[in-house]
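Numbering (mature numbering (1 follows the signal peptide of the UniProt record, and there is no 0)), first residue to last: -18 to -1, 1 to 239. Ideal Cβ positions, reconstructed from N, Cα and C, are used throughout, including at glycine. Since the structure comes first, as structure tokens, the remarks are kept for the end.
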Amino acid sequence: MARAWLLAILLFCSTVQAAPAVRYCDYPVYPPISWSDGTHVRGLAPRVVEAVFARLGLGLETVVLGNWKRCLMDAAQGRVDVVLAYRTPERENDLVFAEVPVLREEVAVFYNRRRPLQVERLEDLRRYRGGLLFGESYGEAFDREVARAGNFEWVSDSQQNFGKLVRGRIDFIPYERRTGRLYIEHLAGGSDIAELPITLAVDHLRLAVSRRSPLAARMAEIDRELQRLADSGEIERWLAQSEAAYRDMIAQPEPRP
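Here it is as structure tokens:
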């Protein structure tokens, strides 16, 4: 009998260990939402995702790819289970979005003070050269304007994009207002970067599951856990902690040889 019990326990442990983890794809260039300390992905997004699936009894594997578009493509093909993204009609073909948002965000226009812009509405940006990251979307109206105007240069990295703005190679960057402000605080030449008072779009960052993932059938549970985190104030606390942690990391002096 003891041998039978031992065998059952070993089989149970083997089954638990073999259970696949949730594959979460992140492109950590959006502090305080997600960023890298050189070793780990940190920020509000990975913390929320980990908390939600821990409550569902699932582990988490974080996947970092070369750009944000790759994350979306892998989610569409089912190679990863989860991303955090804005909801658009095109993305809904491949992703199921949570109804409870993680965060409300405003999209601002960042520009170089040395090259002022005359912009009062979205269409006015056609006169200028903009920069975007591969895969970025800021709402249906913005995406239509980008496709119509054709005045954007696409890159993989925020540092490259803001560097081009500092050097005058592009005229503006559409970017989340909170993230942009935090990013330019310690950017070389960041004192030349300002933001226009207009808001291009207001959207909500949402947890999204690949339609090819088994997790797509558990969206009600996912929404329940997201609502719990929002109601408890955890999301706001984690956001503030991530901002502070990012500032601390950037402010650290370079290690001496």
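Asked	Found
Taking its Cβ as the centre, do 16 or more other Cβ atoms sit within 10 Å of G25, making it buried, or is it exposed?	buried
To the nearest angstrom, how far is it from the Cα of R61 to the Cα of V30?	21 Å
Strictly by DSSP, which residues pair up with V4?	L42
Would you identify the three-state DSSP class for S195, choosing helix, strand or coil?	coil
What does a CB cutoff of less than 7 Å around F79 pick up in its chain, not counting 5 residues either side in sequence?	R69, R188, A190
Along the chain, where does the alpha helix (DSSP H) containing L147 start, and where does it finish?	140 to 148
Might you give, ordered along the chain, the residues of its own chain that have their beta carbon closer than 6 Å to the beta carbon of residue 246, omitting 5 neighbours on each side?	With the chain covering -18 to 239 only, the question about residue 246 has no answer from this structure.
Would you tell me roughly how many angstroms separate the C-alpha atoms of Q52 and A129, rounded to the nearest one?	The sequence shown places Arg at residue 52, rather than the Gln named in the question. Distance between the alpha carbons of R52 and A129 is about 20 Å.
Can you look up R219 in the DSSP assignment and give me helix, strand or coil?	helix
Put Y228 into one of helix, strand or coil per three-state DSSP.	helix
If we count the other Cβ atoms within 10 Å of its Cβ and call it buried at 16 or more, is E207 buried or exposed?	buried
For G215, count the other beta carbons within 10 Å of its own beta carbon; 16 or more makes it buried, fewer makes it exposed. Which is it?	exposed
Among the candidates D139, G172, R97, T181, whose CA atom is the shortest distance from the CA of G150?	R97
Please state whether DSSP places A170 in a helix, a strand or coil.	coil
Based on the DSSP secondary-structure assignment, which residues constitute the bridge partners of H186?	R86
Which residues does DSSP list as the beta-bridge partners of residue 279?	The structure shown does not extend to residue 279, since the chain is modelled only from -18 through 239, so no value can be given for it.
Helix, strand or coil, according to DSSP, for G112 in the structure here?	strand
If I follow the unbroken beta strand (DSSP E) through A67, where does it start and stop?	64 to 68
Mind checking T44: buried by the 16 CB within 10 Å criterion, or exposed?	buried
Taking only heavy atoms of the ligand MG into account, decide whether any of them is closer than 7 Å to the Cβ of G39.	The ligand MG is absent from the structure shown, which contains no ligand whatsoever.
For E102, which three-state DSSP category applies?	coil
Let me know the secondary structure DSSP gives E81 once reduced to three states.	coil
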